[in-house]
Each structure stands twice: as structure tokens, then as C-alpha cells.
Amino acid sequence: MSEGIDIFNEFAVTDDAIYVPYANGTEFLIARSENSKYNSLAARFYKQHKRTLDANNAAAEAKTTEMMIYLYSEAILLGWKGGVKYKGETLAYSKENAKKLLALEGFRDWVATQARDTAAYKLVQEQEAEKN
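Heads up: the sequence shown runs through residues 750 to 881, numbered per our numbering.
Shown next, in the form of C-alpha cells:
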């Protein structure tokens, strides 16, 4: 008879952010997508802009992009270390600077991919459990 499987260990993830390596020693502090803060802010933003977001037009698309930049700067991209530049200017982490970077669709997509990697957040949880 098999020992079975612990479903908690298989599927539980942390809301804690982790540093994700990018290039040249630069790392971004990224929280798991759909963490509790993200979900709360998303619900509030949607409620405030429901009419625009529900429309099938350019305004809805623009508002969706605005929403993603806002949500990611508030609840997903939480910091960085290493040299981060934007148009040649070195940027220290701030929510405003995060918004500047997240306005670039390719970067926003990269951050989203990292935030959806639940295995990375599960691994962190397993490493924390091993320490205890």
C-alpha cells in the first residue's frame, strides 16, 4: 500500500515575494499572481471601472492596460536589486518607477510569467519548511 500524498504540500503556495534573477546581476522582487493583496485591489478597481472595462472598445483596452500596470506595481513587482535603467536613467525602486517599467508590454508580460510560476512559490515554501 502506498503512503499517499500530502495535497497541502503539493498545492499550497505562499503570498511572499521572491527575488527572480533577470540578467547581469539584476533581480526583481515578484509576488505570486493573484495573491490576497492583488485580488483585493483588482476587485476594487473592477468595481470602480466596471462600465468601461465591460465595453468592447479601445477605452476598455486602455483601461485594462492601466489596471494591469496599477495592480502589478502595487501587488506584484515589489522591488529590485542590481542596476535597473530606463532610457539610460538608473532607477531606484519606487511604485512610480515600477509603473514606468510595467508600461512596457514585454516587461509586464515577463513579470506576469514569473508571478504565475506557482512552482517557484511552492519551492520557497518547501525551503522554509526545511529550515524549521
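Glycine included, each C-beta is placed from N, C-alpha and C at the ideal position.
In angstroms, rounded to a whole number, what distance separates the CA positions of residue i and residue j?
i: D755; j: K848; result: 39 Å
i: T888; j: D866; result: Residue 888 is absent from the structure shown; the chain starts at 750 and stops at 881.
i: T801; j: G753; result: 49 Å
i: A809; j: F856; result: 21 Å
i: L851; j: E845; result: 10 Å
i: A869; j: A780; result: 10 Å
i: D803; j: M816; result: 13 Å
i: T862; j: E854; result: 12 Å
i: E776; j: F794; result: 29 Å
i: G895; j: W829; result: Since the displayed the chain opens at 750 and closes at 881, residue 895 lies outside it and no answer follows.
i: K812; j: N784; result: 21 Å
i: G837; j: D765; result: 31 Å
i: A864; j: T814; result: 17 Å
Would you identify the three-state DSSP class for residue i, choosing helix, strand or coil?
i: A766; result: coil
i: G828; result: strand
i: A841; result: coil
i: E854; result: helix
i: A780; result: coil
Between residue i and residue j, which are expected to be in contact by the criterion C-beta below 8 Å, what is the C-beta distance as a whole number of angstroms?
i: V860; j: L827; result: The pair is not a contact, with the Cβ atoms about 11 Å apart (cut-off 8 Å).
i: Y768; j: L778; result: 5 Å
i: K786; j: A824; result: 4 Å
Taking 7 Å as the line, does the beta carbon of residue i fall inside it for any heavy atom of the ligand FMN?
i: D858; result: No copy of the ligand FMN appears in this structure; indeed no ligand is present at all.
Checklist entry - Can you find at least 3 beta carbon pairs, one from the segment 785-793 and one from the segment 818-835, that sit closer than 8 Å? => result yes
Checklist entry - Between the segment 827-837 and the segment 794-809, do three or more beta carbon pairs fall short of 8 Å? => result no
Checklist entry - Quick one: complete beta strand (DSSP E) runs, 3+ long, within the segment 782-837? => result 826-830
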